[in-house]
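Going from the first sequence to the working numbering is simple: count from 1 and add 1.
Beta carbons are placed, not taken as given, at the ideal position from N, Cα and C, and that holds for glycine.
Bear in mind the structure is a predicted one, so any value in this text is a computation, not a measurement.
For reference, the structure discussed in these notes is given below.
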Amino acid sequence: MLELNYLRANVERVKKGLKVRSFPEQEHAIVDRIIALDDRRKELQTTLDSLLADRNAFSKEIGALFKSGQRDEAEAKRQRVSEIKEEAASVEEELKNTKSEQQELLYQLPNVPHESVPAGNSDEDNEVYQDWGSELPVLADAAKPHWELAADYRLFDMELGTKITGSGFPVYRGKGARLQRALISFFLDEAVKAGYEEILPPLMVNEDTARATGQLPDKEGQMYYIEKDNLYMIPTAEVPITNIYRDVILEEKDFPIKLTGHTPCFRREAGSYGAEVRGLNRVHQFDKIEIVQIQHPDKSYDTLQEMMQHVAGLLEKLELPYRILRLCGGDLGFTSALTFDFEVYSAAQQRWLEVSSVSNFETFQSNRLKLRYRDGKQTRLAHTLNGSALALARIVAALIENNQTPNGIVIPKALQHYTGFDLIEKA
RNA sequence: GGAGGAGUGGCAGAGCGGUUGAAUGCACCGGUCUUGAAAACCGGCAUGGGUCACACCAUCGGGGGUUCGAAUCCCUCCUCCUCCGCCA
Numbered sequence: 002m003l004e005l006n007y008l009r010a011n012v013e014r015v016k017k018g019l020k021v022r023s024f025p026e027q028e029h030a031i032v033d034r035i036i037a038l039d040d041r042r043k044e045l046q047t048t049l050d051s052l053l054a055d056r057n058a059f060s061k062e063i064g065a066l067f068k069s070g071q072r073d074e075a076e077a078k079r080q081r082v083s084e085i086k087e088e089a090a091s092v093e094e095e096l097k098n099t100k101s102e103q104q105e106l107l108y109q110l111p112n113v114p115h116e117s118v119p120a121g122n123s124d125e126d127n128e129v130y131q132d133w134g135s136e137l138p139v140l141a142d143a144a145k146p147h148w149e150l151a152a153d154y155r156l157f158d159m160e161l162g163t164k165i166t167g168s169g170f171p172v173y174r175g176k177g178a179r180l181q182r183a184l185i186s187f188f189l190d191e192a193v194k195a196g197y198e199e200i201l202p203p204l205m206v207n208e209d210t211a212r213a214t215g216q217l218p219d220k221e222g223q224m225y226y227i228e229k230d231n232l233y234m235i236p237t238a239e240v241p242i243t244n245i246y247r248d249v250i251l252e253e254k255d256f257p258i259k260l261t262g263h264t265p266c267f268r269r270e271a272g273s274y275g276a277e278v279r280g281l282n283r284v285h286q287f288d289k290i291e292i293v294q295i296q297h298p299d300k301s302y303d304t305l306q307e308m309m310q311h312v313a314g315l316l317e318k319l320e321l322p323y324r325i326l327r328l329c330g331g332d333l334g335f336t337s338a339l340t341f342d343f344e345v346y347s348a349a350q351q352r353w354l355e356v357s358s359v360s361n362f363e364t365f366q367s368n369r370l371k372l373r374y375r376d377g378k379q380t381r382l383a384h385t386l387n388g389s390a391l392a393l394a395r396i397v398a399a400l401i402e403n404n405q406t407p408n409g410i411v412i413p414k415a416l417q418h419y420t421g422f423d424l425i426e427k428a
């Protein structure tokens, strides 16, 4: 959520940002509407405050009058107070409506994109920020996509998942399951080495939490919802982990705060079926290691670079060809100011698969989180950032496709310590 | 799930209808003293709205109510503690 003061002071910038995002033209007016409502809000608040001030003053006098036995005068003032109360009630009512309308509109405004974000409508307008420098791997004609390899090597089973739960819930088994566990440990260890504190958070969150990181109300349909207890299954560890710092005021010396955590992620992905989503390309449950940082506003873009370096390092250790995209306005997440996507080349499918998204939210999340730091006498909003480091399912897909050989699937060196084997042979 | 108790500032802990945004202690930050430190003493020390700055307004777990006036009374929800039940 954008800060009102920022919005008021940067109307043109905000509107320009909407344009970059290809936000529907006719809805740009909500910016002006929000400011008009804010003017009204201030006006009403001032009126209400002075009415309440009168009431408080009278009440004090009444107390004194009662004490000194001047009942008649007290009675008269009491009369006056009930008039004030009536007036205050109607002002309060309007104030409440004004605030909630303003709030609703504010929730509809996405973050202002960073200056470097290219305008665009969809993923086709994303900018290749760093391409894969060398040749892409070319596999033999007999090379198979990961879903076929999964059957040959008994690594995971989609149909079994369908039986147990529904489509999009893979069951990993044998060396496939072990490979998952190895990757999780590897990613967590690397993050801890890089100075992140390991967190193991709850997998379900309440409404306040989902709202604070921006999943509600924007992405309500994306989350699994447990109605009976009013809880949401997390779509990413970002949600519970970032919320650790909800309603917190930090000192400058606390920066940067670096947190990491592995969780399963649950996403409804309603309506997506077909070739694009075969196998592990898109599933309802997958494992992901997330890195989160909370940083001073002056340093958050350096931090974004640092986090990208971390992700790139992981992919290099896994020996996977990757490229980095700078998301265009139209593809940029609602809450993000700048996002870089990491895509891994899946050689058998001959497709790039998104395996990480590293973003700076600036103050957009911290405004909802009420996550501040002390800057001299006043408090200011901190910047929040996060990135996947990394998302498993697609890494597995690329890994087994790219590393298939006539003898079996080769495990990259960096992982062998974790898997306990260097080759997956036919079952 | 059943019965009882409790939720106040960073922490501890008063207040239980009226100058209480909130005593006191600890922690923290300035200052005096000291060669330096400690101790002692003096001062400061919640968040948000509002203002050039004051004033002023709101907030004592959340929401609602009673009252001229609520941290204090009532209702409701949440959370925590104790006992019983169930249980990985």
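Annotated three-state conformation of T336 is coil, per DSSP. Straight-line spacing of the CA atoms in D288 and G177 works out to 13 Å. According to DSSP, residue pairing for I227 in a beta bridge involves L232. If you draw a straight line from the Cα of Q296 to the Cα of V129, it is about 27 Å long. Taking the Cα of V172 as reference, the smallest distance to any Cα among L189, S186, E191 and A151 is reached at A151.
Distance between N368 and A313, taken at the CA atoms: about 30 Å.
Within its own chain, the residues whose Cβ lies closer than 6 Å to the Cβ of M159, once the five positions on either side in sequence are excluded, are P171, listed in chain order. In this structure, P257 places its C-beta atom within 8 Å of the C-beta atom of T304.
In this structure, the beta-carbon distance from W133 to Y302 does not fall below 8 Å. Beta-bridge partners of C266 (DSSP): F287.
For secondary structure counted as the beta strand (DSSP E) over 3 or more consecutive residues, the stretch 125-176 holds these complete runs in sequence order: 128-131. When C-beta atoms of the stretch 50-62 are compared with those of the stretch 89-102, three or more pairs fall below 8 Å, so the two segments count as touching.
Ranked by how close their Cα comes to the Cα of D376, the residues E253, R72 and T264 have E253 in first place. Note that the C-beta distance between D209 and F335 is not below 8 Å.
Each of M308, Y197, V397 and L321 was checked against the Cα of G262, and the nearest Cα belongs to Y197. In the three-state DSSP reduction, H297 falls in the coil class, being neither helix nor strand. Boundaries for H418: no beta strand (DSSP E) harbours it, while the alpha helix (DSSP H) harbouring it runs K414 to T420, taken from the DSSP string.
In terms of CA proximity to Q405, A143 leads the group L354, K20, A143 and I235. Note on V345: 16 or more other CB atoms within 10 angstroms of its CB, so buried under the neighbour-count rule. By the Cβ neighbour-count rule, K259 is buried, with 16 or more other Cβ atoms within 10 Å of its own. Taking the Cβ atoms as the reference, D248 lies roughly 5 Å from K371, within the contact range of under 8 Å. For S101, there are no CB contacts under 7 Å within the same chain when 5 residues up- and downstream are skipped.
DSSP places F59 in the helix class (H, G or I) of the three-state scheme. Going by beta carbons, A392 and N282 fall outside the 8 Å limit.
Its Cα nearest to that of E136, the residue L321 stands out among L321, Q366 and Y419. In this structure L328 touches D342 by the C-beta definition: roughly 6 Å separates them, less than 8 Å. For N207, no alpha helix (DSSP H) encloses it, and the DSSP letter there is neither H nor E. Between the alpha carbons of H29 and A192 lies a distance of about 41 Å.
Residue state for E344 is assigned as strand, using DSSP reduced to three classes. Taking the C-beta atoms as reference points, T420 is found no nearer than 8 Å to I410.
Going by beta carbons, R14 and V113 fall inside the 8 Å limit.
In this structure R56 is not in contact with A77, their Cβ atoms being roughly 15 Å apart against a cut-off of 8 Å. A direct Cα-to-Cα measurement between G64 and F365 gives close to 47 Å. Collapsing the DSSP output to three states places R324 in a strand. For S389, the beta-bridge partners assigned by DSSP are E291. Collapsing the DSSP output to three states places K371 in coil.
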